[in-house]
Every structure is written in structure tokens, then in C-alpha cells.
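Structure, as C-alpha cells:
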Amino acid sequence: MSASLAFETVRTELERSAGMDAWAARGAVQLSLMDAGIEASQVTAAQMRVVVDRLLPKQLASQKVAEIRGVCERIHQALALLVDEPKRDSAERVFQRLAG
Amino acid sequence: MLIAVLCLLAYTLASCVVGVRMLASARRSRGVPELLVGLTYLCAPGLGYPMGIISDQIPNRALALPMNIVGEILLVSGLSCYLFFTVRVFRPDASWAKWCARLGTAALVYAGVAIEWAVITYPDPEVAFSHSEAPLALLLVVLLVTFGWTGLEGLRYWRMMRKRMAFGLAGPVVTNRFLLWGLNGLVSVTWITCAVTLLAIGENPGTHPFGIAVVSAGGVGNTVLLLLIFMPPAAYVRWLERWAARGAALAVV
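Residue numbers (this note's numbering), protein chains in the order written: chain P, 1 to 100; chain Z, 1001 to 1253.
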């Protein structure tokens, strides 16, 4: 299952800014998304911004990442460059339309 | 018996309305999920299933046989659409899920053809039934798996949506719709299991009192759930929103 662009953007930024290896960065984002109830393949930039604000810092702290606030700020800047649309219909969008 | 007929009639009518609404919605939005779910409800519980039941009551074979065949085709097509709806919505990237839907469709087509072959070959309904027991059992098993699968997927997604709600990433109405979808699948599983069990012990679910009671209750349950999923009353939506707002306020306190 391929991850969304927002997911890959955060993972890449964690590797670059926090010096995490690929697996640790992927794991931190994955665990944060699980806590938010979102799948890596469907997460949008808007959803990811909330996850970075509210859940990612806890994961980064558990991995002893330094300057968590600065890392999250750089992730926000990277996410701001993304177009905020998922690749295809998510289950949530379909269910939104069912009563339409 | 009259109550059972009325309950199934309610479910049939609700399915037809939902099916037509979803097909109209699919025409507007060009959405494949709407098309699949619309075809499901219109073809299977809306037309195919009642046509099968009505054709059994018609003494004129020249009229009953074509109706039975068309009903079976609609039933198989509708159930296949349901399988692909589940895959398209809940597991779009999983190749195992696509294979399950294809295998399920193949099994449904086989069962449908075998059942109709028995109906065409043996004019006596009891003899035809005795020759179609194995494909009928296969059809019911696929039906059970189909409803069970989509029900569990709905409940899995409901759990995820509840987590999203805590972060303001999902609304209460759509979150609740996943719960209703899950319950709709599980209610169907319950009454189909009852019918399968009665068939397995040699009873006719259509005449056995327990079978009639469970199928009637299942029909009512499915009808209510369908209406709440696809045509929720404004009062229900307001109640959900008030309930969610109260929950959020309590979380802040």
C-alpha cells in the first residue's frame, strides 16, 4: 500500500531536520496517524497539519529528538507547499455523499 | 406470516428507494461507489429477491420461470456490486480484497446458474429445491461473508472516525454513518445465519415460526438502518450534532 504525498513529505522532512533514519521517521509518523485514526495512504496535508501539531511531538519526544518545535515548524513549511487533495475518494468522502 | 411479509415488503421498498436515489446521485457525481451501492440495493433486495419469492407463488410456469431467472440474475449482479463496493470504499489498494470480490462473484454466478438449471430442469418445485441445495448453501455462505465483511469494515472505520473526531478531523454525522453501516451488515448476518441454520436442520425458514420472527425483525432492523444511513431525518442529524457538541464540551471541562 503506497503512502500519500503528505505522509512522504513529513517522513522526508523528519529524516532531514531531525536526523532520523528512514524506519524511525516512518514509524513515528505511522504511530501518530494511528492515534488519529487515519490511514497513511489517505492522509491529506490538512489532516497531517493537525497530526503534526497534536500527536507527532509526543512520538518525537519518545525518540529523544532535539528541538521538536523547530522540526515541526519545518514540517509545516513543507506541508504548506502541497496541494491539499487526496489521490482518490476516501471512505469518509464516499460516506459523506451517501445521504446527499 | 403476514407480519413477515410486511417487514420484507418494507425492506424491499426502502431498498428500491435507496437504490434509485443512489443511481441518480451517481449520474450527477459520476461516482463509482454510488453506482455500485445503487445497483446493489435496487437489483438484490429491491427487485431480485422479491421476484424470486413472487415467482414461487405463480402457478403458470410460462410466467414464473422467466421471472425467476431474471430475479436470480438481478440478485447475483446486485450482490457482486456489494462486494466491489466494499473493496472500492474500504480496501481500494488491497489486491487480496479485489481477489476476494472476484472469487465471490464467481461463486455467486456458479450458484445462480446451478440454481436456475435445477429450476428449469425440474418443473416440480420440491424436486428442483432438492437439486439446488448445494448451490443455495454456497449462495448463502457468500451472502454471509459479504455482509459480515462489509459490516466489520464499517465498524473498523467507525473506530478510526471516533479518533478523528477527538481532533476535530471528522464530523459526528458521517462518523455515525459508519456505525450504522456496520450494524446493517451485522443485522443481515444474524438473520441469514438463522435462515442457514434452519435450512441445515431441514426446516423451511419461510414457514418456521422462529425463522419468520428473526427474518421479520431483521427486515425491520435493516429498513430502519437503511433510512438512517441514506436518508437521515433532520431531527436525527440535529440529535447527533448536539450529542457530539456535549461530548466536546465535557472533554474541555
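Idealized CB from N, CA, C, for every residue including glycine.
Below-8 Å beta-carbon distance, residue i vs any chain Z residue
| i | result |
| --- | --- |
| leucine 98 of chain P | yes |
| glutamine 47 of chain P | yes |
| alanine 91 of chain P | yes |
| alanine 36 of chain P | yes |
| valine 52 of chain P | no |
| phenylalanine 127 of chain P | Because chain P is modelled from 1 through 100, residue 127 of chain P falls outside the range shown and cannot be assessed. |
| leucine 4 of chain P | Correcting the residue type first, residue 4 of chain P is serine in the shown sequence and not leucine. False, the Cβ-Cβ gap to chain Z never drops below 8 Å. |
| serine 62 of chain P | no |
| serine 41 of chain P | yes |
Residue-chain proximity (residue i, chain P), Cβ-Cβ < 8 Å
| i | result |
| --- | --- |
| serine 1029 of chain Z | yes |
| isoleucine 1229 of chain Z | yes |
| valine 1253 of chain Z | For valine 1253 of chain Z, the predicted model reports a pLDDT of 49, less than 50, meaning its position is unreliable; a value from the coordinates is still stated below. So no, valine 1253 of chain Z is outside the interface. |
| valine 1167 of chain Z | In the sequence under discussion, the amino acid at residue 1167 of chain Z is phenylalanine, which differs from the valine named in the question. Answer yes: the Cβ-Cβ gap between phenylalanine 1167 of chain Z and chain P drops below 8 Å somewhere. |
| serine 1188 of chain Z | no |
| arginine 1162 of chain Z | yes |
| tryptophan 1239 of chain Z | no |
| valine 1089 of chain Z | yes |
| phenylalanine 1178 of chain Z | yes |
| alanine 1170 of chain Z | yes |
| serine 1025 of chain Z | yes |
| proline 1233 of chain Z | no |
| proline 1033 of chain Z | yes |
| tyrosine 1082 of chain Z | no |
| tyrosine 1122 of chain Z | no |
| methionine 1236 of chain Z | Note on residue identity: the sequence assigns tyrosine, not methionine, to residue 1236 of chain Z. Judged by the 8 Å Cβ criterion, tyrosine 1236 of chain Z is not in contact with chain P. |
Inter-residue CB distance, residue i and residue j (contact presumed, cutoff 8 Å)
| i | j | result |
| --- | --- | --- |
| leucine 1169 of chain Z | alanine 36 of chain P | 7 Å |
| threonine 1012 of chain Z | proline 1050 of chain Z | 5 Å |
| glutamine 59 of chain P | serine 17 of chain P | Rounded, the Cβ-Cβ distance is 14 Å, inconsistent with contact. |
| arginine 26 of chain P | arginine 49 of chain P | So it is not a contact: roughly 19 Å between Cβ atoms. |
| serine 1216 of chain Z | isoleucine 1054 of chain Z | With 8 Å as the limit, serine 1216 of chain Z and isoleucine 1054 of chain Z do not qualify as a contact, their Cβ atoms being about 18 Å apart. |
| leucine 1063 of chain Z | glycine 1219 of chain Z | Going by Cβ atoms, the distance from leucine 1063 of chain Z to glycine 1219 of chain Z rounds to 26 Å, so no, they are not a contact pair. |
| arginine 74 of chain P | glutamate 13 of chain P | 6 Å |
| proline 1135 of chain Z | alanine 1111 of chain Z | 4 Å |
| alanine 1044 of chain Z | leucine 1074 of chain Z | 7 Å |
| arginine 1061 of chain Z | proline 1123 of chain Z | 6 Å |
Beta-carbon neighbours of residue i, restricted to chain B and to distances below 7 Å
| i | result |
| --- | --- |
| valine 1174 of chain Z | Protein chains P and Z are contained in the structure displayed, whereas chain B is not. |
- request: Decide if the region 1162-1178 of chain Z is in contact with the region 88-99 of chain P; the criterion is three or more beta carbon pairs, one per stretch, under 8 Å apart.
  value: Under the 8 Å Cβ criterion, the region 1162-1178 of chain Z counts as touching the region 88-99 of chain P, having at least three qualifying pairs.
- prompt: What residues in the region 1038-1052 of chain Z have a beta carbon less than 7 Å from any beta carbon of chain P?
  reply: Correct list: empty, as no residue qualifies.
- prompt: Given 8 Å as the limit, is there contact between the region 1179-1187 of chain Z and the region 1144-1159 of chain Z, that is, 3 or more CB pairs closer than that?
  reply: Touching, yes, given that three or more Cβ pairs across the two stretches are closer than 8 Å.
message: Measuring CB atoms only, is the region 1212-1232 of chain Z touching the region 1014-1023 of chain Z, in the sense that at least three cross pairs come out at less than 8 Å?
response: At 8 Å Cβ cutoff, the stretches touch.
- prompt: Any chance the region 1037-1054 of chain Z sits against the region 1090-1107 of chain Z, with 3 or more Cβ pairs inside 8 Å?
  reply: Fewer than three Cβ pairs drawn from the region 1037-1054 of chain Z and the region 1090-1107 of chain Z lie within less than 8 Å of each other, which leaves the two stretches out of contact.
query: Looking at chain Z, which residues of the region 3-32 of chain P have a Cβ within less than 8 Å of any of its Cβ atoms?
result: Using a CB distance below 8 Å, no part of the region 3-32 of chain P faces chain Z.
query: Is it true that the region 4-19 of chain P meets the region 41-49 of chain P, where meeting means three or more beta-carbon pairs spaced less than 8 Å apart?
result: For the pair of segments examined, the region 4-19 of chain P was found to touch the region 41-49 of chain P: the number of CB pairs separated by less than 8 Å reaches three.
contact_flag[the region 1031-1043 of chain Z, the region 1079-1094 of chain Z] where n(CB pairs < 8 Å) is 3 or more: Between the region 1031-1043 of chain Z and the region 1079-1094 of chain Z, the count of C-beta pairs closer than 8 Å reaches three or more; the two stretches touch.
Members of the region 1090-1117 of chain Z near chain P, C-beta cut-off 9 Å: Hits within the stretch, in order: Phe1090, Pro1092, Asp1093 and Ala1094.
message: So if I threshold CB-CB distances at 8 Å, which residues from the region 1126-1159 of chain Z count as touching chain P?
response: The region 1126-1159 of chain Z vs chain P, Cβ under 8 Å: Tyr1157 and Arg1159.
- prompt: Are the region 1132-1149 of chain Z and the region 1069-1083 of chain Z touching, with three or more C-beta to C-beta distances below 8 Å?
  reply: Yes, the region 1132-1149 of chain Z is in contact with the region 1069-1083 of chain Z.
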